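A.B. asks: Numbering-wise (UniProt numbering), the sequence shown opens with residue 1 and increments by one. Cβ coordinates follow ideal geometry from the N, Cα and C atoms, glycine included. Predicted model, so just to flag it, every value in this text is computed and none were measured. Submitted below is the structure of interest, expressed as structure tokens.
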Amino acid sequence: MCGIVGAVAQRDIAEILVEGLRRLEYRGYDSAGVAIVDAQNHCTRIRRLGKVQELADAVNAANVSGGTGIAHTRWATHGEPSETNAHPHASGDIAVVHNGIIENHEALRELLQSRGYVFESQTDTEVIAHLVEWELRQSESLVEALQKTAKQLEGAYGTVVLDRRDPSRLVVARSGSPIVIGFGVGENFLASDQLALLSVTRRFMYLEEGDVAEITRRSVTVFDGQGQPVEREIIESNAEHDAGDKGQYRHFMQKEIFEQPNALKQTMEGRVTHNSVIIDSIGTHAKEILSKVEHVQIIACGTSYNSGMAARYWFESLAGVSCDVEIASEFRYRNFVVRPNSLLITLSQSGETADTLAALRIAKEKGYMAAMTICNVSGSSLVRESDFAFMTRAGTEIGVASTKAFTTQLAAMLMLVAGLGRQKGNIDAEKEAEIVQAIHELPVQIESALAFDKAIEALAEDFADKNHTLFLGRGEYYPIAMEAALKLKEISYIHAEAYAAGELKHGPLALIDADMPVVVIAPNNDLLEKLKSNVEEVRARGGLLYVFADEKAGFEDSEGMKIIKMPHVHEITAPIFYTVPMQLLSYHVALIKGTDVDQPRNLAKAVTVE
Ligand code: M6R
Numbered sequence: 001m002c003g004i005v006g007a008v009a010q011r012d013i014a015e016i017l018v019e020g021l022r023r024l025e026y027r028g029y030d031s032a033g034v035a036i037v038d039a040q041n042h043c044t045r046i047r048r049l050g051k052v053q054e055l056a057d058a059v060n061a062a063n064v065s066g067g068t069g070i071a072h073t074r075w076a077t078h079g080e081p082s083e084t085n086a087h088p089h090a091s092g093d094i095a096v097v098h099n100g101i102i103e104n105h106e107a108l109r110e111l112l113q114s115r116g117y118v119f120e121s122q123t124d125t126e127v128i129a130h131l132v133e134w135e136l137r138q139s140e141s142l143v144e145a146l147q148k149t150a151k152q153l154e155g156a157y158g159t160v161v162l163d164r165r166d167p168s169r170l171v172v173a174r175s176g177s178p179i180v181i182g183f184g185v186g187e188n189f190l191a192s193d194q195l196a197l198l199s200v201t202r203r204f205m206y207l208e209e210g211d212v213a214e215i216t217r218r219s220v221t222v223f224d225g226q227g228q229p230v231e232r233e234i235i236e237s238n239a240e241h242d243a244g245d246k247g248q249y250r251h252f253m254q255k256e257i258f259e260q261p262n263a264l265k266q267t268m269e270g271r272v273t274h275n276s277v278i279i280d281s282i283g284t285h286a287k288e289i290l291s292k293v294e295h296v297q298i299i300a301c302g303t304s305y306n307s308g309m310a311a312r313y314w315f316e317s318l319a320g321v322s323c324d325v326e327i328a329s330e331f332r333y334r335n336f337v338v339r340p341n342s343l344l345i346t347l348s349q350s351g352e353t354a355d356t357l358a359a360l361r362i363a364k365e366k367g368y369m370a371a372m373t374i375c376n377v378s379g380s381s382l383v384r385e386s387d388f389a390f391m392t393r394a395g396t397e398i399g400v401a402s403t404k405a406f407t408t409q410l411a412a413m414l415m416l417v418a419g420l421g422r423q424k425g426n427i428d429a430e431k432e433a434e435i436v437q438a439i440h441e442l443p444v445q446i447e448s449a450l451a452f453d454k455a456i457e458a459l460a461e462d463f464a465d466k467n468h469t470l471f472l473g474r475g476e477y478y479p480i481a482m483e484a485a486l487k488l489k490e491i492s493y494i495h496a497e498a499y500a501a502g503e504l505k506h507g508p509l510a511l512i513d514a515d516m517p518v519v520v521i522a523p524n525n526d527l528l529e530k531l532k533s534n535v536e537e538v539r540a541r542g543g544l545l546y547v548f549a550d551e552k553a554g555f556e557d558s559e560g561m562k563i564i565k566m567p568h569v570h571e572i573t574a575p576i577f578y579t580v581p582m583q584l585l586s587y588h589v590a591l592i593k594g595t596d597v598d599q600p601r602n603l604a605k606a607v608t609v610e
């Protein structure tokens with residue numbers, strides 16, 4: 001999705017803006033641009049289709065100087081990816097960048113055309129530039145002009161406005177798309193994601209819905225939706241400065257897969273003793289709330305949805321609490337019934353997914369006993385708008401394909417399940433200790449799964465020339481198979497589907513032939529014998545089987561069937577363990593196919609528009 005960076009400083013800020021955009025590249029984009037004003041009120045606007053590097057080259061070649069500027073990476077929604085449609089958009093002396101979607105842009109375009117404005121682009125954003133230009137003529141300040149403009153906009157936006165005639169300030173509005181202000185010494189910054197600013201500051205302030213702010217070198221003044229001055233909290237970020245570096249790894253996705261042992265350690269730190277969950281670490285009032293919970297409703301999208309689907313098995317089988325999991329984009333448009341004493345849980349890496357956020361806002365009106373989020377980004381909208389947040393602490397995830405966010409969400413939910421089950425009296429101290437000990441073993445287990453990297457790299461050759469892949473699992477391994485299929489399709493562009501293995505004979509068996517690799521996740525659990533029958537169903541039809549099996553599960557290589565023998569791990573945490581070889585498989589297939597692993601085509605990291 002689009003990214004925004006802005007700065008008001010005394011020094012030249014071109015490099016800071018471009019570096020900020022680089023740090024937002026992971027979010028997905030198709031074009032980039034900057035507008036920078038120098039002390040003589042000269043504004044240079046440069047836009048390029050393609051990578052930020054092309055913009056950087058153009059900015060260097062133009063030798064741009066100036067201390068006030070805005071920059072943007074665009075992910076096309078209205079109008080094709082092109083230089084003309086790239087931001088910043090201009091109207092007279094005004095330049096604007098915008099994240100989000102202006103839903104009433106057509107009506108506003110007609111209105112502005114009737115006032116004589118000529119549109120250069122096909123974007124919805126250009127209406128903001130012309131509206132501000134118009135309103136400024138009848139306002140006393142740029143802030144007032146943006147406040148008046150904001151009242152006319154419908155939809156979601158985070159937008160920043162620059163006036164060439166007054167480079168001492170930027171003004172910014174937030175409604176639906178995050179904006180963070182970064183505080184420097186004698187200079188201030190803003191961005192759509194704090195990651196963009198970590199090279200210049202660690203002190204941040206998140207704007208709230210409806211806020212409009214004015215930023216100068218020495219001040220930040222925030223007004224709420226009613227135009228009243230308000231104070232917003234300034235936080236000190238502990239995000240890693242080098243989160244934007246790949247280090248020794250070829251891709252962020254690879255780095256993030258290998259970071260999982262450490263990410264899991266962070267997730268559990270201070271939350272478990274050697275044999276129990278520290279219930280207060282789940283959130284203020286968690287003890288009181290969890291003891292009353294009779295139902296859990298999970299809402300999420302994509303990978304986060306898959307982790308919810310897997311955790312559902314734990315909520316019901318371990319904590320003895322019924323659990324529903326639903327895709328946020330469906331939930332938000334459905335007339336749902338809230339069961340008594342239901343806990344709402346949103347799951348999200350970014351905390352900014354538009355559908356999940358909208359679902360949370362709707363659900364909060366409907367009488368859930370509490371809204372909890374399990375999220376990876378502190379200060380994000382989901383964290384701020386939920387009653388309590390359980391942070392996954394996976395560290396910044398940059399690869400579009402979510403990896404460590406998934407496994408840490410699962411670990412966080414397992415801790416929650418243990419705590420919930422204990423509060424409900426459905427888990428005794430012995431069972432809680434067993435779960436917690438399994439959680440403690442996770443980092444080492446995941447290291448052992450990562451050791452299969454080379455073996456999986458070799459296996460990947462078999463998949464790279466295929467058009468389809470089927471993933472099979474039973475029980476909680478069905479959602480793990482769903483996640484494996486999602487990973488493969490998003491980064492290798494191979495069509496992949498997941499099936500609950502018991503469903504094979506109800507349709508998908510018709511797909512089986514020698515061109516259809518079938519990946520089976522086969523832990524040594526109660527469903528093993530059932531799963532073996534499903535494997536036989538595929539074998540009998542000439543399918544190509546790749547079975548990731550517990551070493552004790554009794555599978556052996558045979559014609560048409562390759563067995564990847566995995567070490568035996570605790571049954572409770574095995575779904576997290578088996579996720580890792582699936583991630584490695586997708587990664588290596590994508591490498592062979594030569595796709596853009598970290599920024600797969602058409603996808604964005606944080607989906608902040610509907
Ligand atoms: O930030 P979130 O976890 O809310 O994002 C939800 C999905 O957009 C995300 O998981 C997406 O499916 C990933 N690209 C999957 O790898």
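1. Could you round the C-beta distance between I156 and S175 to whole angstroms and report it? I think they count as a contact, below 8 Å.
2. Taking contact to mean 3 or more Cβ pairs, one atom from each stretch, closer than 8 Å, check whether the stretch 585-598 and the stretch 525-538 are in contact.
3. Quick one: which unbroken alpha helix (DSSP H) runs of 4-plus residues sit fully inside the stretch 347-391? Chain order, please.
4. So is the beta-carbon of V607 under 7 Å away from any non-hydrogen atom of ligand 1?
5. What does DSSP give as the partner residues of V519 in its beta bridges?
6. Fully enclosed by the stretch 208-278, which alpha helix (DSSP H) runs are 4 residues long or longer?
7. DSSP has G594 in a bridge; who is on the other side?
8. Rank L264, I4 and A286 by C-alpha distance to the C-alpha of T573 and give the top, closest one.
9. Can you tell me which of T77, V59 and R23 puts its alpha carbon nearest to the alpha carbon of D30?
10. So H295 is in the beta strand (DSSP E); what residue range does that whole segment cover?
11. Between the Cα of A522 and the Cα atoms of M561, K505, L509 and G473, which residue gives the shortest distance?
12. Report yes or no: is there a C-beta of chain C within less than 8 Å of the C-beta of I327?
13. Mapping DSSP to helix, strand and coil, what is V127?
14. Write down every uninterrupted run of the beta strand (DSSP E) in the stretch 4-39 whose length is 3 residues or greater and which is fully enclosed by it, in chain order.
15. Helix, strand or coil for L531, going by three-state DSSP, please let me know.
16. Bridge partners for K565 per DSSP, in chain order?
17. Ignoring anything shorter than 3 residues, give me the beta strand (DSSP E) runs that lie fully in the stretch 85-154, in order along the chain.
18. Three or more C-beta pairs closer than 8 Å, one from the stretch 186-206 and one from the stretch 223-239: is that the case here?
19. Comparing alpha-carbon positions, which option in R539, T407, E571 and A389 lies nearest S317?
20. Which residue marks the beginning of the beta strand (DSSP E) containing H72, and which one marks its end?
21. Give the C-beta separation of V18 and V52 to the nearest angstrom, bearing in mind that I take them to be a contact with Cβ-Cβ under 8 Å.
22. May I have the straight-line CA-CA distance separating A485 from N275, to the nearest angstrom?
23. Roughly how many angstroms separate the alpha carbons of Q297 and E126, rounded to a whole number?
24. So what does S342 bridge to, in DSSP terms?
25. Please state the DSSP three-state secondary structure of E441.
26. Who does I181 pair with in a DSSP beta bridge?
27. Between residue 612 and I128, what straight-line distance do the alpha-carbon atoms span, to the nearest angstrom?
28. If we call anything under 8 Å between Cβ atoms a contact, is Q409 one with S307?
29. Could you give the distance in angstroms between the alpha-carbon of P340 and the alpha-carbon of A370?
30. Residues bridged to C43 by DSSP?
31. Using 8 Å for Cβ pairs, my map puts Q260 next to V580. What's the rounded Cβ distance?
32. When we look at the beta-carbon of P567 and count the other beta-carbons within 10 Å, is it buried (16 or more) or exposed?
33. Taking the beta carbon of Q356 as the centre, do at least 16 other beta carbons fall within 10 Å, making it buried, or is it exposed?
34. If distances are taken between C-alpha atoms only, which option among P81, L24 and A358 comes closest to S386?
35. Less than 8 Å separating the beta-carbons of A498 and M516?
36. Find out if the Cβ-Cβ distance for the pair I215, L170 is shorter than 8 Å.
C.D. replies: On the basis of the coordinates in this document:
1. What sits at residue 156 in the sequence shown is Ala, not Ile. Their Cβ separation, rounded to whole angstroms, is 7 Å, which keeps A156 and S175 in contact under 8 Å.
2. Contact fails: fewer than three Cβ-Cβ distances are below 8 Å.
3. Runs of the alpha helix (DSSP H) inside the stretch 347-391: 354-364 and 381-385.
4. At least one heavy atom of ligand 1 sits closer than 7 Å to the Cβ of V607.
5. Looking at the DSSP assignment, V519 forms a beta bridge with F471 and Y546.
6. With a minimum length of 4 residues, the continuous alpha helix (DSSP H) runs that stay inside the stretch 208-278 are 252-258 and 260-268.
7. Secondary-structure assignment with DSSP links G594 through no beta bridge to anything.
8. Distance check between T573 and each of L264, I4 and A286 places L264 closest, using alpha-carbon atoms only.
9. The option with the nearest alpha carbon to D30 is T77.
10. Run containing H295: H295 to A300, per the beta strand (DSSP E) assignment.
11. Nearest C-alpha to A522 among M561, K505, L509 and G473: G473.
12. Note that chain C does not occur in the displayed structure, where there is just one protein chain.
13. Judged by DSSP in its simplified three-state form, V127 adopts helix.
14. Here the runs fully enclosed are 31-37.
15. Judged by DSSP in its simplified three-state form, L531 adopts helix.
16. Residue pairing for K565: DSSP places it in a beta bridge opposite A549.
17. The stretch 85-154 contains these whole beta strand (DSSP E) runs: 89-91 and 94-102.
18. The stretch 186-206 is in contact with the stretch 223-239.
19. Minimum Cα distance to S317 is reached at E571.
20. For H72, the enclosing beta strand (DSSP E) covers residues T68 to R74.
21. About 7 Å separates the two Cβ atoms, so the contact holds.
22. Rounded to whole angstroms, the gap between the alpha carbons of A485 and N275 is 35 Å.
23. Distance between the alpha carbons of Q297 and E126 is about 40 Å.
24. The partner list for S342 (beta bridge, DSSP) reads H295.
25. Here E441 sits in helix by DSSP.
26. Beta-bridge pairing links I181 to L190 and M205.
27. With the chain represented from 1 up to 610, any question about residue 612 goes unanswered, as that position is not in the structure.
28. S307 sits close to Q409, with the two beta carbons spaced by under 8 Å.
29. Approximately 12 Å, taken between the alpha carbons.
30. DSSP lists V37 as partners of C43.
31. Between V580 and Q260 the Cβ distance is about 7 Å, and since that is below 8 Å, they are a contact.
32. Burial call: exposed.
33. With the sequence shown as reference, residue 356 is identified as Thr, and Gln is not the correct amino acid for it. So T356 counts as buried.
34. Here the closest residue by C-alpha is A358.
35. Contact flag unset, no.
36. Going by C-beta atoms, I215 is nearer than 8 Å to L170.
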